[in-house]
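Undergrad: In the order they appear, the protein sequences are chains A and B. Be aware that the first sequence starts at 50, since it is given in our numbering, and climbs by one per residue. Be aware that the second sequence starts at 50, since it is given in our numbering, and climbs by one per residue. From the three backbone atoms N, C-alpha and C, an ideal C-beta is built for every residue, glycine too.
There are 2 protein chains.
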Amino acid sequence: MTTSHTSDENTNPAAANGARGGAGTETDEAVRAELARLRDSIDNIDAAVVHMLAERFKCTQQVGHLKANHHLPPADPAREARQIARLRELAESAKLDPAFAEKLLNFIIAEVIRHHETIAKSA
Amino acid sequence: MTTSHTSDENTNPAAANGARGGAGTETDEAVRAELARLRDSIDNIDAAVVHMLAERFKCTQQVGHLKANHHLPPADPAREARQIARLRELAESAKLDPAFAEKLLNFIIAEVIRHHETIAKSA
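As structure tokens, this is what we get:
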């Protein structure tokens, strides 16, 4: 044991923390642990979403080739309107902001249409 | 190569398509069926993504409350840089455009930060 002026702090760090009155390393530790737990879940979900979207683009690439080979237009507004209405409903039942779900789908569709146009040009 | 009734269709599919006018031939039927099959998969994937994101926002709402209660800033640039680097790697291994994955994550994070700011204001 090292020599010190206030042996309490050396022999019992937890009690010493408590004595500091919650200014808090113990609380900080708990907050950090909870934040790390939530971030691990977020990272797992993000990995899942990336892999789902990789699979989605495999499908839309096939759609792109099909459309290019049969001279169908890259965009399909009627289909997109149906997709948006359906996703808004799904979002609502999953307690996700429907407006966010719609913005996200539009973001993904814009990327898909860019892909379709590239495929059509090179067809 | 697809089966077709006339040599014209084999040598000049564009003209053949034009001549058919899109009215219910065998090829059109096959194309429609293939498009429907791919779109069903896309719809399934979209439903999965919506539910994953609903779960993600449940996590980030908890992070938002944790941050607001402990007076931590809504945004965390160091954490975001790590997330982006990781997602770009995951995207690459899943053959998804890493630039698209990064844009998508930024899009989602922007929404999350808006939520955190709302929580912080009401805390």
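For the alpha helix (DSSP H) holding T76 (chain B), just list the boundary residues, first then last.
TA: Here the question's residue 76 (chain B) lines up with position 27 in the second sequence. From DSSP, the alpha helix (DSSP H) with T76 (chain B) extends over E75 to N118.
Undergrad: To the nearest angstrom, report how far apart P122 (chain B) and V80 (chain B) are at their CA atoms.
TA: Looking up residue 122 (chain B) in the second sequence gives position 73. Looking up residue 80 (chain B) in the second sequence gives position 31. When rounded, the distance between both Cα atoms is 53 Å.
Undergrad: Is the beta carbon of A96 (chain A) less than 8 Å from the beta carbon of L139 (chain B)?
TA: As a working mapping, residue 96 (chain A) is identified with position 47 in the first sequence. As a working mapping, residue 139 (chain B) is identified with position 90 in the second sequence. Yes, Cβ-Cβ distance for A96 (chain A) and L139 (chain B) is below 8 Å.
Undergrad: Can you give me the start and stop residues for the alpha helix (DSSP H) that P123 (chain B) sits inside?
TA: Along the second sequence, read from residue 1 onward, the residue named residue 123 (chain B) stands at position 74. Note, P123 (chain B): premise wrong, no alpha helix (DSSP H); not H, not E.
Undergrad: Contact between the segment 116-135 of chain A and the segment 160-171 of chain A: three or more CB pairs below 8 Å?
TA: The answer is yes - the segment 160-171 of chain A touches the segment 116-135 of chain A, with three or more Cβ pairs under 8 Å.
Undergrad: Below 8 Å, can you find three or more Cβ-Cβ pairs linking the segment 124-134 of chain B to the segment 132-147 of chain A?
TA: Because the criterion of three Cβ pairs below 8 Å is not met, the segment 124-134 of chain B and the segment 132-147 of chain A do not touch.
Undergrad: Step through the CB atoms of chain B and report whether any lies within less than 8 Å of the CB of E160 (chain A).
TA: Numbered from its first residue, the first sequence carries residue 160 (chain A) at position 111. Closer than 8 Å to some Cβ of chain B, the Cβ of E160 (chain A) qualifies, so yes.
Undergrad: How would you call K144 (chain A), buried or exposed, if buried means at least 16 neighbouring beta carbons within 10 angstroms?
TA: As a working note, residue 144 (chain A) is residue 95 in the first sequence. Exposed, because fewer than 16 other Cβ atoms sit within 10 Å of the Cβ of K144 (chain A).
Undergrad: Using only alpha-carbon positions, find the residue among B:H165, B:E75 and B:T74 that is nearest to A124 (chain B).
TA: Indexing the second sequence from 1 puts residue 124 (chain B) at position 75. For A124 (chain B), the nearest C-alpha among the options comes from B:H165.
Undergrad: Within 8 Å of any Cβ in chain A, is that where the Cβ of E151 (chain B) sits?
TA: Here the question's residue 151 (chain B) lines up with position 102 in the second sequence. Taking Cβ atoms only, chain A never reaches closer than 8 Å to E151 (chain B), which makes this a no.
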